[in-house]
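One structure is given below, encoded as structure tokens.
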Amino acid sequence: MEDFKRIIVTDGGKSLVVHNPTSYPLIGCGSQGAVFKLSEDQCVKIYLDEEHAKTEAAALEAGRDLPFIPRIYEHGPCYVVMDYINAPNLKEYLKGCTFLPEFIVKKLLSLLKGLKAAHFTMIDAPLRHIFVLENEVLKVVDHVNSFQKKHPVPLKLLRDLQIILLKDSFLMQVKRLEPETYREWENYFNSKPDFSQIDADPDQDEKIINVDRSIVRPFIGEGSQGTVYRLSEDRCVKVYGKVNHAVQEKEVLLSCQDLSFIPKVFSAHSNYVIMEYLAGPDLNTYLKMQSRLSEDITKRLLGILTAMKKAGFRQIDAPLRHIIITKDGFKLVDYVYSFSRDQDKPLELFVNLKERGLLHSFLEQVKALDPETYKEWTESPITLAPQNK
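Each residue of the sequence shown is one higher than the one before, counting from 1 in UniProt numbering.
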């Protein structure tokens with residue numbers, strides 16, 4: 001047998017970089033590591049972080065007697081050898097279903113009870129981590145956070161079921177089969193959320209953040225760094241997928257509260273920020289209904305961009321979808337990279353305006369209003385590439 005320990009996984013920024021000098025096929029790759037098939041019965045997960053290997057191995061050992069936990073065969077500093085599961089995940093299995101089969105509901109309830117009885121703190125699993133074997137036995141993978149995060153109720157499971165329109169079917173059957181469990185979940189949802197415990201994690205290509213939409217708060221939107229919920233008439237909360245993103249955005253928001261386009265911050269925490277709720281359309285939506293660009297809008301955009309430069313922002317940009325039109329003027333959201341990413345031209349704004357057929361008008365108006373800024377922007381050719389939405 002080849003030595004799988006020769007496989008190396010490193011951080012490539014947006015995705016993992018895998019160096020595999022063996023013939024073992026890659027069968028899966030996520031945020032924590034990559035999985036390779038060793039045989040018809042076994043696979044190995046190679047981790048980026050030794051601590052993740054340690055915590056997952058501990059969880060698999062703790063759940064050794066649970067029928068839905070993969071068997072662990074061997075583990076080391078950066079790897080765990082476990083059962084190879086060749087089966088569809090529950091999201092794939094339920095594709096096209098308009099009603100959740102009762103046997104699935106019963107098995108999910110049994111699974112959740114088992115996790116609780118084994119003293120796991122993550123009483124939860126997303127659909128993509130639950131696999132349905134030929135004999136209709138469920139297996140759950142990815143246990144790195146089983147004792148690291150606290151989910152007393154299945155937030156990820158409910159979120160995923162809601163997305164595929166099966167959450168109501170699931171809860172209706174839970175209420176009938178296990179009314180006490182249903183009441184326990186209902187009480188949790190009716191309580192005030194602890195945003196420090198809300199999980200936000202990147203999907204496989206990290207273009208968007210997945211969060212627990214099952215919490216009882218109006219969902220506003222999500223992007224690559226976090227998700228926003230409305231708390232009240234004038235407040236919302238942004239929950240971040242990565243602590244460093246929270247740190248970076250808090251630095252900008254808190255140090256620039258004197259700038260008129262920065263949303264007011266009420267409180268800032270390790271993984272979330274409570275700020276003013278901005279009622280109004282975004283500028284991109286507004287401009288879709290306009291045939292021309294008014295000089296007033298150009299003045300407002302120019303004011304934001306020049307204020308950024310004076311305030312020491314390293315990333316000078318104002319994407320149209322991030323600008324909210326409020327009764328107090330334009331407000332701009334999303335500042336994660338404002339102090340860390342070098343960009344002296346508003347390239348995404350240029351792309352947005354070009355898509356609306358308004359870039360030429362904007363630049364001509366800037367030329368008349370602020371010739372120096374126009375010169376800085378145009379002294380070298382403006383190269384525009386499509387932006388990720």
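Even for Gly, the Cβ is constructed at its ideal location relative to N, Cα and C.
### Query
Counting only runs that start and end within the stretch 50-107, where is the alpha helix (DSSP H) found for 4 or more residues in a row?
50-62 and 90-93
### P70 to V228 span [Cα, whole Å]
35 Å
### Message
For D41, count the other beta carbons within 10 Å of its own beta carbon; 16 or more makes it buried, fewer makes it exposed. Which is it?
### Response
exposed
### Query
Can you round the beta-carbon distance between L60 and H129 to whole angstroms, since I take them to be within the 8 Å contact cut?
The pair is not a contact, with the Cβ atoms about 13 Å apart (cut-off 8 Å).
### Task
Report all residues from its chain with a CB closer than 6 Å to the CB of V18; omit the five preceding and five following residues, and keep chain order.
V9 and A34
### Task
Please determine, among P25, K175, R183 and F147, the residue with the shortest C-alpha to C-alpha distance to V44.
P25
### Task
Under 8 Å by Cβ, that's how I've got L287 and L320 pegged, so tell me the actual separation to the nearest angstrom.
7 Å
### Task
Put I297 into one of helix, strand or coil per three-state DSSP.
helix
### Query
So what's S15 in DSSP terms, helix, strand or just coil?
coil
### Task
Mind checking which residues open and close the beta strand (DSSP E) that includes Q42?
Q42 to Y47
### Task
Over the uninterrupted beta strand (DSSP E) stretch that includes T326, give me the two end residues.
I323 to T326
### Message
Pop quiz: K139 and F131 are said to be a contact at Cβ under 8 Å. What is the actual Cβ separation, rounded to whole angstroms?
### Response
5 Å
### Task
Using only alpha-carbon positions, find the residue among G329, P67 and Y79 that is nearest to A53.
Y79
#### Entry: Among L90, Q162, E249 and D124, the one whose alpha carbon lies nearest that of R341
E249
### Task
For F313, count neighbouring Cβ atoms within 10 angstroms of its own Cβ and tell me buried if that reaches 16, exposed if not.
buried
### Option nearest Y335 by Cα separation, candidates F120, K167, P154 and C256
C256
### Query
Short check: CB of D317 to CB of L359, under 7 Å?
no
### Message
Would M122 and K149 be called neighbours here (beta carbons separated by less than 7 Å)?
### Response
yes
#### Entry: Validate contact between the stretch 295-302 and the stretch 268-275 using beta carbons, cut 8 Å, 3 pairs
no
### Message
For G226, count the other beta carbons within 10 Å of its own beta carbon; 16 or more makes it buried, fewer makes it exposed. Which is it?
### Response
buried
### Message
Assuming contact is defined by CB atoms lying nearer than 7 Å, are K167 and L155 in contact in what I supplied?
### Response
no
### Where E56 falls, given that 16 or more other Cβ within 10 Å makes a residue buried
buried
### Query
Apart from the five residues on each side of it in sequence, which residues of its chain come closer than 7 Å, Cβ to Cβ, to L133?
A87 and K139
### Query
Which residues in the same chain as P77 place their Cβ atom closer than 6 Å to its Cβ, once the five residues preceding and following it in sequence are excluded?
E50
### Query
Any idea what DSSP makes of E276, helix, strand or coil?
strand
### Task
With a 10 Å radius around its C-beta and 16 neighbouring C-beta atoms as the bar for buried, classify C236 as buried or exposed.
buried
### Supposed contact pair K327 and W377 - C-beta distance, whole angstroms, cut 8 Å
Not quite, the Cβ-Cβ distance comes to about 30 Å (not below 8 Å), so this is no contact.
### Task
Give the straight-line distance between the Cα atoms of V137 and H151, rounded to the nearest whole angstrom.
23 Å
### Query
Taking the continuous alpha helix (DSSP H) assigned at T378, which residues delimit it?
P371 to T378
### Task
Measure the Cβ-Cβ separation of V247 and F339 and say whether it is below 7 Å.
no
### Task
Assign H129 to one of three DSSP states: helix, strand, or coil.
helix
### Task
Please classify Q315: is it buried, with 16 or more other beta-carbons within 10 angstroms of its beta-carbon, or exposed?
buried
### Query
Closest by CA to residue 391, which one among L48, L363 and K375?
Because the chain spans 1 through 389 in this model, residue 391 falls outside it and cannot be assessed.
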